[in-house]
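Novice: Residue numbers (this note's numbering), protein chains in the order written: chain A, 2 to 340; chain B, 23 to 293.
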Amino acid sequence: MNTPRDSGCTLTGALSVTTEIDGSVTIVHGPGGCAHHNFSLFHTLCIGRDDPRLPRLLSTDLAEKDIIFGGEDALDAAIRKAIEKNPSIVCVLSTCVTGAIGDDVDAICRGFHGIPVISIPTAGFLGGGFRDGHIQALISLSSLAECGEKTLSVNLVGEKTLEFERDEHFNEVKRLLFGIGIPICTRFICRSSMEDISRLSRGSCNILRDSSMCEVGNYLKGKFGTPFIGSFPVGPGGTIRFLEELGAVFSLDVSGAVAAEEARQERMFEEFHALKGKKVQFRDSLGNMTDSEVCSEIAESVGMDVHPAGQPLTVPDPFPVGTEGVRRLLRQWRRACRA
Amino acid sequence: MKQIALYGKGGIGKSTTAANLSAALASQGLNVMQIGCDPKRDSTRMLMQGRLIPTVMDLVRERGDAEISREDIVYNGFMGVRCVEAGGPEPGVGCAGRGIIATFQILERLGALHADVVVYDVLGDVVCGGFAMPMREGYAEEVYLVTSGELMSLYAANNICKAISRLSSRSRSTCRLAGVICNAKNIPHEEELVAEFAERIGSFLIQYIPRDQVVQQAELNKKTVVEFVPPSRQASIYRELASRVLENRRMDIPAPLDIEDLERLAYEYSP
Chain A
2 MNTPRDSGCT LTGALSVTTE IDGSVTIVHG PGGCAHHNFS LFHTLCIGRD DPRLPRLLST
62 DLAEKDIIFG GEDALDAAIR KAIEKNPSIV CVLSTCVTGA IGDDVDAICR GFHGIPVISI
122 PTAGFLGGGF RDGHIQALIS LSSLAECGEK TLSVNLVGEK TLEFERDEHF NEVKRLLFGI
182 GIPICTRFIC RSSMEDISRL SRGSCNILRD SSMCEVGNYL KGKFGTPFIG SFPVGPGGTI
242 RFLEELGAVF SLDVSGAVAA EEARQERMFE EFHALKGKKV QFRDSLGNMT DSEVCSEIAE
302 SVGMDVHPAG QPLTVPDPFP VGTEGVRRLL RQWRRACRA
Chain B
23 MKQIALYGKG GIGKSTTAAN LSAALASQGL NVMQIGCDPK RDSTRMLMQG RLIPTVMDLV
83 RERGDAEISR EDIVYNGFMG VRCVEAGGPE PGVGCAGRGI IATFQILERL GALHADVVVY
143 DVLGDVVCGG FAMPMREGYA EEVYLVTSGE LMSLYAANNI CKAISRLSSR SRSTCRLAGV
203 ICNAKNIPHE EELVAEFAER IGSFLIQYIP RDQVVQQAEL NKKTVVEFVP PSRQASIYRE
263 LASRVLENRR MDIPAPLDIE DLERLAYEYS P
């Protein structure tokens, strides 16, 4: 079975967003199992991150009877129950079976006022996967943004909250932005509060996590007129280009920051002089040979020799972000080469 | 045990035909059960003196399926015909097809499916798998198509053939097309047209039921024709249908027509 990273349950993709909102409760409108296996997954992840919180999930726990007569009453009751917990927002996710029988989740959600109740269509059988759930959640939640003047700042859009190195990626982008004096307006959505989300329209540029978030970038561009940069920076050259791109968007002179970053990269490559002259080859996480451009670039900078009989080195997916990402990668490779 | 299912376009007279057929079969001394498989729940009404009996799905909704007994869902009507209505959700919500599947499971669990003849009266269009349930293994082996000579009615009958031929191609399936019943709308050459249609799909016209005022009168009196005026010509036609169904040995896998052929056929018989 071919299981690319972005496939999988649409619900999980949406939950990777909704569970990141401070004080949110997410209702999974479907059979108990849909919520349960996701709860387990997120709970395990929280434990792994030393986060003692339990994911705030509620299931409408539908049975055959609800499918025959419609699950809308059960959803209405679940939303009321969720509101009793005084959440900042209630996110309602549909599932395959409620999609199949045509429960009007949007209409039920619209019937509530006061606390925002947001419907996110996530019936996976319609052809989506994890990525589609992620995208759908961001698009649905962008309705919470309040109109306001743009400020000299950027938003980070579509961070992959389940990524192992999520915080490292974020910190690297933050460092690069700090270097050119541009603050982050909001993270849409990763460890966000409702107030953070409401500021979404005020950022002057959206930086997408990677190209899979292009649909969200385009949507936000249409909705708020915010231009976007297509990805967090990858590789040494990519990091420099990222700074230059930001400079162009904000009409800033970034030559100082670029020079400083280049110097930082130079020092980093010297740090790994032990890899110089090593024969290596690159493999993806499934063990297949890959001729990644970024890897060739790094190999050249360090002075490694890419060779079919070389030491196999794993190219992680996702690729670590920025200069510091390259540094972590080189440490791994150095261990692999026992250099 | 003989299990038969009546399928056909909505409003074509399936329930009237089914109820009169059940009444006629019961009049011959057979133990008959009629199961209405339509959320409209009015299949057995004429057998029950106009009473809309509680449906299986009503009871599931009120008490859950664990609390249902056979007595709650099986009602004795005219000449001891045992009547069941599947029922279903309110129009526009939920999943009626799943309701039919659940009803069959409950009938099985309660051991309610036994009779000399079980007559399934199924909703007009086989819109999803749930409504093909009566055609599945262990249920109706003989499907009768009820149609008039109107194009739309033939079109629906032809569509149902597609479901029959699909299901009958499964290895353990015993479901076959047993015949076509023409419930006339009094259009010219109707009997010849429907007979020709039946042959073209690889079956035969088992009974022509002419249009007769007495059907309407019987319904206004909340009775089947067989009960209301037993000596009438119409009642004798229903009794004739009952005898033919009992004797019928035709079990065909139908070959549905394509739409152009069907239209051409209807055109040939138009006045």
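Even glycine gets a Cβ: it sits at the ideal position worked out from N, Cα and C. Note that this is a predicted model, so its numbers are computed, not measured.
In terms of residues, what are the limits of the alpha helix (DSSP H) holding GLY119/B?
Specialist: 118-131
Novice: For GLU73/A, return the contacting residues in chain B, with the cut-off set at a CB-CB distance below 7 angstroms.
Specialist: The contacting residues are VAL115.
Novice: ILE22/A bridges to which residues according to DSSP?
Specialist: According to DSSP, which records beta bridges pairwise, ILE22/A is partnered with SER193/A.
Novice: Counting only C-beta atoms, is ARG83/B closer than 8 angstroms to chain A at any point?
Specialist: Chain A, which has a Cβ nearer than 8 angstroms to the Cβ of ARG83/B, makes this yes.
Novice: Relative to chain A, which residues along the segment 198-217 of chain B have a C-beta separation below 9 angstroms, given in chain order?
Specialist: For chain A, none of the residues of the segment 198-217 of chain B brings a beta carbon within less than 9 angstroms of one of its beta carbons.
Novice: So that I know if they touch, is there some Cβ in chain B lying closer than 8 angstroms to that of PHE70/A?
Specialist: yes
Novice: Can you check which of these residues, ASP23/A, ARG210/A and GLN137/A, is closest to PHE171/A by C-alpha distance?
Specialist: When ASP23/A, ARG210/A and GLN137/A are compared, the shortest CA-CA separation from PHE171/A is found for ARG210/A.
Novice: Can at least three beta-carbon pairs, one atom from the segment 99-112 of chain B and one from the segment 61-80 of chain B, be found at a separation below 8 angstroms?
Specialist: By the Cβ rule, the segment 99-112 of chain B counts as touching the segment 61-80 of chain B, because three or more pairs are nearer than 8 angstroms.
Novice: Would you list the residues sitting across from ASN1/A in a DSSP beta bridge?
Specialist: Only positions 2 to 340 of chain A appear in this structure, which leaves residue 1/A out of reach.
Novice: Can we say the segment 94-104 of chain B touches the segment 153-171 of chain B, given the rule of at least three CB pairs closer than 8 angstroms?
Specialist: no
Novice: Report the option in PRO321/A, SER302/A and MET290/A whose CA atom is closest to the CA atom of ALA310/A.
Specialist: MET290/A
Novice: Given 8 angstroms as the limit, is there contact between the segment 322-332 of chain A and the segment 160-177 of chain A, that is, 3 or more CB pairs closer than that?
Specialist: yes
Novice: So with CB distances below 8 angstroms, who are the chain A contacts of ARG158/B?
Specialist: Chain A residues near ARG158/B: none, gap ~18 angstroms exceeds 8 angstroms.
Novice: Going by DSSP, what residue range makes up the alpha helix (DSSP H) through CYS10/A?
Specialist: Note, CYS10/A: premise wrong, no alpha helix (DSSP H); not H, not E.
Novice: In angstroms, rounded to a whole number, what distance separates the CA positions of SER212/A and ILE28/A?
Specialist: 29 angstroms
Novice: Only counting the same chain, and skipping five residues up and downstream in sequence, which positions put a Cβ closer than 7 angstroms to that of TRP334/A?
Specialist: LEU276 and LEU314
Novice: Answer yes or no: does any C-beta atom of chain B fall closer than 8 angstroms to that of ILE1/A?
Specialist: Since the first and last residues shown for chain A are 2 and 340, residue 1/A lies out of range.
Novice: Along the alpha helix (DSSP H) that carries LYS175/A, what are the first and last residues, could you check?
Specialist: 167-180
Novice: What residues match up with HIS30/A in a beta bridge as DSSP calls it?
Specialist: SER95/A
Novice: For ILE183/A, which residues from the same chain have a beta carbon less than 7 angstroms from its beta carbon, with the 5 sequence-adjacent residues on both sides left out?
Specialist: LEU153, SER154, VAL155, LEU247 and PHE251
Novice: Could you have a look at ASP306/A and say whether DSSP puts it in helix, strand or coil?
Specialist: strand
Novice: Applying the 10 Å Cβ sphere with the 16-neighbour rule, what's the burial state of GLU73/A?
Specialist: buried
Novice: For GLU65/A, would you say it is in contact with chain B, using Cβ-to-Cβ distances shorter than 8 angstroms as the test?
Specialist: Closer than 8 angstroms to some Cβ of chain B, the Cβ of GLU65/A qualifies, so yes.
Novice: In the structure shown, what three-state DSSP assignment does ARG73/B receive?
Specialist: coil
Novice: For ASN98/B, which three-state DSSP category applies?
Specialist: Looking at ASN98/B - three-state DSSP - the assignment turns out to be strand.
Novice: Per DSSP, which residues does TYR230/B bridge with? Please list them.
Specialist: Its beta-bridge partners are CYS204/B.
Novice: Inspect the beta-carbon positions of GLY134/A and ALA300/A and report whether they are closer than 8 angstroms.
Specialist: no
Novice: Take the Cβ of HIS136/B as the centre, count every other Cβ of all protein chains shown within 10 Å, and call the residue buried at 16 or more, exposed below.
Specialist: exposed
Novice: Is there a Cβ of chain B sitting closer than 8 angstroms to that of ILE28/A, yes or no?
Specialist: no
Novice: Assign THR123/A to buried or exposed, taking buried as 16 or more other Cβ atoms, counted over all protein chains shown, within 10 Å of its Cβ.
Specialist: buried
Novice: List the whole-angstrom C-beta distance separating LYS222/A from PHE233/A, where the pair is believed to meet the contact cut-off of C-beta under 8 angstroms.
Specialist: Not quite, the Cβ-Cβ distance comes to about 18 angstroms (not below 8 angstroms), so this is no contact.
Novice: Please decide whether ALA124/B counts as near chain A, where near means a Cβ-Cβ distance under 8 angstroms.
Specialist: yes
Novice: If you count every other CB in all the chains shown that lies within 10 Å of the CB of PHE126/A, and 16 or more means buried, which is it?
Specialist: PHE126/A is exposed by the Cβ-count criterion.
Novice: Which of the three DSSP states is assigned to LYS280/A in this structure?
Specialist: Of the three classes helix, strand and coil, the one that applies to LYS280/A here is strand, per DSSP.
Novice: I need the boundaries of the alpha helix (DSSP H) containing ALA27/B, first residue and last residue.
Specialist: Segment 24-30 is the beta strand (DSSP E) holding ALA27/B; no alpha helix (DSSP H) there.
Novice: Exposed or buried, which one is ALA46/B when buried takes at least 16 other CB atoms within 10 Å?
Specialist: buried
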